[in-house]
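Colleague: For the sequence shown, our numbering gives the first residue as 1, with consecutive numbering after it.
Note that CB positions come from ideal geometry on N, CA and C, so glycine has one too.
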Amino acid sequence: MNKTDSLYGKFEGCIVDFSLERYPGDYWYDCGILEATDVLREFDEKDWGLLLDDLEDKGVFWKKRLVECLGDLKILCEIEIILRVISTDDEDLQTCCFDTLRMLDLSGVDERTREALSSRAEYFLGEASLPVKKILEDFVERLNG
1 MNKTDSLYGK
11 FEGCIVDFSL
21 ERYPGDYWYD
31 CGILEATDVL
41 REFDEKDWGL
51 LLDDLEDKGV
61 FWKKRLVECL
71 GDLKILCEIE
81 IILRVISTDD
91 EDLQTCCFDT
101 LRMLDLSGVD
111 ERTREALSSR
121 AEYFLGEASL
131 PVKKILEDFV
141 ERLNG
């Protein structure tokens, strides 16, 4: 399957312009995110495979836009994607990952991964702003609850 002919290619087209720092986010949050999420809902196994294969090569803003589309798709790939991108030095992307993880069913996450996520969140709690601190506290509570 050609990437450009796939739903993955369509998704790529939805977010590529909004993954660059120089573009304002208003349109993304008003319309773009909805369109991109609708495309993700139509993904099949091949499309998810293409996305996962390309994920490592994508920039921080692209990954952030992707994670912002997750949380309500009710598929296993959501957690896998977030676990692949959460190990970043970018604070905004990490916050976005924890925020999205709060919405997901984490019952299938193994104990080792739970401990790693909890430790990571607690590490950032000390330096976090008030809104980010709330996200991290909610995540840790939900993870351990």
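1) My output table needs one value for Ile86: the three-state DSSP class, helix, strand or coil.
2) Suppose you measure from the CA of Gly13 to the CA of Asp54; what does that come to, to the nearest Å?
3) Distance, Cα to Cα, Cys77 vs Leu130?
4) Can you give me the C-alpha to C-alpha distance between Asp105 and Asp5, rounded to a whole angstrom?
5) For Leu143, which option in Trp28, Thr37, Ser107, Phe124 has the closest C-alpha, if you only look at C-alpha atoms?
6) Along the chain, where does the alpha helix (DSSP H) that runs through Glu115 open and close?
7) May I ask you to report which of helix, strand or coil DSSP gives Lys64?
8) Does Gly71 come out as helix, strand or coil in the three-state DSSP assignment?
9) Going by DSSP, what residue range makes up the alpha helix (DSSP H) through Tyr8?
10) So Val60 and Thr88 are in contact, right, with Cβ under 8 Å, and what is the actual spacing, rounded?
11) Less than 7 Å separating the beta-carbons of Cys97 and Ile82?
12) Taking the alpha helix (DSSP H) that Gly49 falls in, what are its first and last residues?
13) CB-CB under 7 Å to Asp92, same chain, minus the five flanking residues each way: which ones, in chain order?
14) Restricting to Cα atoms, I'd like to know which of Leu73, Cys31, Asp26, Gly32 is closest to Arg41.
Modeller: Quick answer:
1) coil
2) 14 Å
3) 30 Å
4) If you take the alpha carbons of Asp105 and Asp5, they lie about 32 Å apart.
5) Ser107
6) 111-125
7) helix
8) coil
9) DSSP places Tyr8 inside the alpha helix (DSSP H), whose first and last residues are 7-16.
10) 7 Å
11) yes
12) 45-54
13) Lys64
14) Nearest Cα to Arg41 within the set Leu73, Cys31, Asp26, Gly32: Leu73.
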